[in-house]
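Let me begin by presenting the structure, written as structure tokens, before commenting on it.
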Amino acid sequence: MNKTIQTRLPLLLALLLWGPPAPAENNLLQDLEPVRPRGLTDGEPVPTIEATVPLPPWPRDADLIAFVPDGPQTPLRFAIDGKNLKLGDARGTEVHYTLVIESASGTRNLSFEAIRCTLRGAYKTIAYGSDGRFTRVPEAQWQPLDRDSGAYREDLRQRFCVPREMRARPVKDLLRALRGRIAATEGSGFQTQ
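Here the sequence shown stands for residues -24 to -1, 1 to 169, where the numbers follow mature numbering (1 follows the signal peptide of the UniProt record, and there is no 0).
Next up, the structure:
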């Protein structure tokens, strides 16, 4: 065993001394462009798609579709404005909606949000509502759907998005899903056609 170490030690030392090429000699590292977040420029900020999305009208009570999110019971009541539920982009990967959350005392929080139909999902609050009008959130960013983002958003993603296809359902199917009139296999990820 000692002889094996003695014969391989010079080879190991030679490899360590020779080592990898210096970063200055590596053209791959020199040619990289700096990583920049989308929308960040040297001058004026680039307007995002959400900046051009018109804010919805104030929802009427008659247009609200109540839903009960999966998970633990809560005294809050949740509803979506059915008249202003829209696909948010040409690819059909986003859903824009007005969310109304009402407490047991009748206090309401309104927000205009978007859910992105991706593998894990993402959401963005585009505007908040108060006093009968919406105010746009400056520089709203996509946020991951996780425990901190509210279980109701994950529930909406499951109702709004076609499983495994990363696209939103058609608006008529979104309304059916909110009203609970969707077949069990439609929400399971199994193809029925």
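Yeah, the Cβ is synthetic: ideal placement off N, Cα and C, and Gly gets one too.
- Between residue 97 and residue 63, the C-beta spacing is not below 7 Å.
- Under DSSP, residue 109 takes part in a beta bridge, and its partners are 106.
- In the three-state reduction of the DSSP assignment, residue 117 falls in the coil class.
- Looking only at 67, 82, 32 and 91, the smallest Cα-Cα distance to residue 125 is reached by 91.
- With 16 or more other CB atoms across the displayed protein chains lying within 10 angstroms of its CB, residue 74 is buried.
- The DSSP-derived three-state label of residue 101 is strand.
- For residue 40 and residue 132, the gap between their C-alpha atoms comes out near 15 Å.
- Membership of residue 130 in the alpha helix (DSSP H) is indicated by the continuous run 127 to 136.
- Excluding sequence positions up to five before and after residue 51, its CB lies within less than 6 Å of the CB of 80, all in the same chain and listed in chain order.
- Scanning 102, 46 and 107 for the CA closest to the CA of residue 115 turns up 102.
- In the DSSP assignment, the residues bridged to residue 76 are 55 and 86.
- Going by C-alpha positions, residue 87 is about 22 Å away from residue 152.
- Approximately 7 Å separates the beta-carbon atoms of residue 112 and residue 31; this is inside 8 Å, confirming the contact.
- Scanning its chain for C-beta atoms nearer than 7 Å, with the 5 sequence neighbours on each side dropped, one finds around residue 89 the residues 73, 75, 99, 100, 101 and 102, in chain order.
- The C-alpha of residue 56 is placed about 9 Å away from the C-alpha of residue 35.
- If you look at residue 42, you'll find it in the beta strand (DSSP E) that goes 40 to 43.
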